[in-house]
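In full-length UniProt numbering, the protein residues as written are 1 to 217. What follows is a single structure, written as structure tokens, with notes after it.
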């Protein structure tokens, strides 16, 4: 067994230890970068829905292309699962005895429920915010920032992250955005569809359903 293979075996043991310490919301992945197309060689936990043989992520590829073997570890950055769950992630770049990066150890932790709880907590400790929320103003520098702010405010008002919304919740969510004028902004439907994990057509269906419930159709 060469040094790289020995390191990979050690990483698998470390991955299991991390997963055991953080529980069911945690996923730990080992990637062998010698084969980027099927780099995932070990995974414990199920947060992202991947399995052995999955390719490396686009973020890691971009960093390796830009920084090469000088790449720095990524600690506590936000990622989003395919189903919309919010994750806190960290990636360590693993080097062999020649200083060459050949593997990564990645930790993904699902924080969606914690974010939902934070929304409820903020509503509890700042009750005056509810009556003043319509006067809240965001000084955006781009149209995209305005859309993102409106979506964030709608999530706060609804009290749920997109990944935990039922269909009725999504209709209500779209209704909140409608009331706040989000659909007046070009490009908003694409962003809202991406947040909800649905098609633009489905967003319009939600909007029509909300308008129908309000007697606007």
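For each residue, glycine too, the CB sits at the ideal point set by N, CA and C.
**Item:** residue 89, buried or exposed, once every other Cβ within 10 Å from all chains shown has been counted against 16
**Value:** The residue given as residue 89 occupies position 89 in the chain shown. Label assigned to residue 89: buried.
**Whole runs of the alpha helix (DSSP H) within the UniProt domain "Transcriptional regulator DauR-like HTH" (147–208), excluding any shorter than 4 residues** = Within the UniProt domain "Transcriptional regulator DauR-like HTH" (147–208), the runs of alpha helix (DSSP H) that reach at least 4 residues and sit entirely inside it are, in chain order, 167–179, 188–196.
**Sequence-distant residues of the same chain with beta carbon closer than 7 Å to residue 30, five excluded per side** = Translated into positions along the chain shown, residue 30 becomes position 30. If we look at residue 30 and ignore the five residues flanking it on each side, its Cβ neighbours are 8, 11, 12, 15, 41, 42, 103, 105.
**Message:** Please classify residue 137 as buried or exposed, where buried requires at least 16 neighbouring CB atoms within 10 angstroms.
**Reply:** For the purposes of this step, residue 137 is taken as the residue at position 137 of the chain shown. Any reading at residue 137 must be qualified, since the residue scores a pLDDT of 47, below 50, and its modelled position is unreliable; the value itself is stated next. Using a 10 angstroms sphere on the CB of residue 137, the tally of other CB atoms stays under 16, which defines it as exposed.
**Request:** Spell out the partners DSSP gives residue 100 in its beta bridges.
**Result:** The residue you call residue 100 lines up with position 100 of the chain shown. DSSP, once it has assigned bridges, lists no residue as partnering residue 100.
**Item:** For residue 135, the three-state DSSP class (helix, strand or coil)
**Value:** If you number the chain shown from 1, residue 135 lands on position 135. Unreliable placement is indicated for residue 135, whose pLDDT of 47 sits below 50; no coordinate value is reported for it.
**Asked** Do you know whose CA, among 108, 63, 93, 156, lies nearest residue 46's CA?
**Response** Residue numbering aside, residue 46 sits at position 46 when the chain shown is read from its first letter. Considering only 108, 63, 93, 156, the residue with the shortest C-alpha distance to residue 46 is 108.
**Request:** Pull up the distance between the alpha-carbon of residue 212 and that of residue 205, whole angstroms please.
**Result:** Start at 1 with the first residue of the chain shown, and residue 212 comes out as number 212. Start at 1 with the first residue of the chain shown, and residue 205 comes out as number 205. Their Cα atoms are separated by approximately 10 Å.
**Prompt:** Applying the criterion that 16 or more other CB atoms from any shown protein chain within 10 Å of the CB defines a buried residue, is residue 56 buried or exposed?
**Reply:** The residue labelled residue 56 in the question sits at position 56 within the chain shown. With 16 or more other Cβ atoms within 10 Å, it is buried.
**Prompt:** Are three or more beta carbon pairs between the segment 192–204 and the segment 160–176 nearer than 8 Å?
**Reply:** Yes, they touch.
**Prompt:** Do three or more CB pairs link the segment 69–82 to the segment 94–103 at distances below 8 Å?
**Reply:** Per the Cβ contact rule, the segment 69–82 is in contact with the segment 94–103 (3 or more Cβ pairs under 8 Å).
**Message:** Short of 8 Å in beta carbon distance, which residues of its chain neighbour residue 214, apart from the five on each side in sequence? Order them along the chain.
**Reply:** Residue mapping note: residue 214 aligns to position 214 of the chain shown, counting from 1. The answer, listed in chain order, is 175.
**Extent of the continuous alpha helix (DSSP H) run through residue 63** = Working through the chain shown from its first residue, we reach residue 63 at position 63. According to the DSSP assignment, residue 63 belongs to the alpha helix (DSSP H) that extends over 58–67.
**Asked** How do the segment 147–156 and the segment 180–195 stand: do at least 3 beta-carbon pairs fall below 8 Å, yes or no?
**Response** Yes, the segment 147–156 touches the segment 180–195.
**Asked** Alpha carbon to alpha carbon, what distance is there between residue 187 and residue 20?
**Response** Within the chain shown, numbered from 1, the residue matching residue 20 stands at position 20. Within the chain shown, numbered from 1, the residue matching residue 187 stands at position 187. Roughly 43 Å between the two C-alpha positions.
**Message:** Going residue by residue through the segment 16–41, where are the continuous beta strand (DSSP E) segments of at least 3 residues, counting only ones entirely within it?
**Reply:** Runs found: 26–32.
**Asked** Using CA coordinates, which residue listed in 5, 52, 51, 112 is at the minimum distance from residue 25?
**Response** Within the chain shown, the letter at position 25 stands for residue 25. Residue 25 has its Cα closest to that of 112, out of 5, 52, 51, 112.
**Message:** At the level of alpha carbons, what is the spacing between residue 4 and residue 75?
**Reply:** Here residue 4 refers to the residue found at position 4 when the chain shown is read from its first residue. Here residue 75 refers to the residue found at position 75 when the chain shown is read from its first residue. Cα to Cα, residue 4 sits roughly 23 Å from residue 75.
**Prompt:** Out of 23, 61, 121, which has the shortest C-alpha to C-alpha gap to residue 34?
**Reply:** Counting from 1 along the chain shown, the entry for residue 34 is found at position 34. Closest by alpha carbon: 61.
**Message:** Please return the same chain residues whose Cβ sits closer than 6 Å to the Cβ of residue 162, not counting the five positions on each side in sequence.
**Reply:** Locating residue 162 in the chain shown gives position 162, where the first residue counts as 1. Once the five neighbours on either side are set aside, the close Cβ partners of residue 162 are 84, 195, 196.
**Request:** Identify the continuous beta strand (DSSP E) that holds residue 70 and give its terminal residues.
**Result:** Translated into positions along the chain shown, residue 70 becomes position 70. Unbroken run through residue 70: none, as it is neither H nor E.
**Request:** Note down the Cα distance separating residue 216 from residue 124, rounded to an integer number of angstroms.
**Result:** One-based indexing of the chain shown puts residue 216 at position 216. One-based indexing of the chain shown puts residue 124 at position 124. One Cα belongs to residue 216, the other to residue 124, and the distance between them is close to 33 Å.
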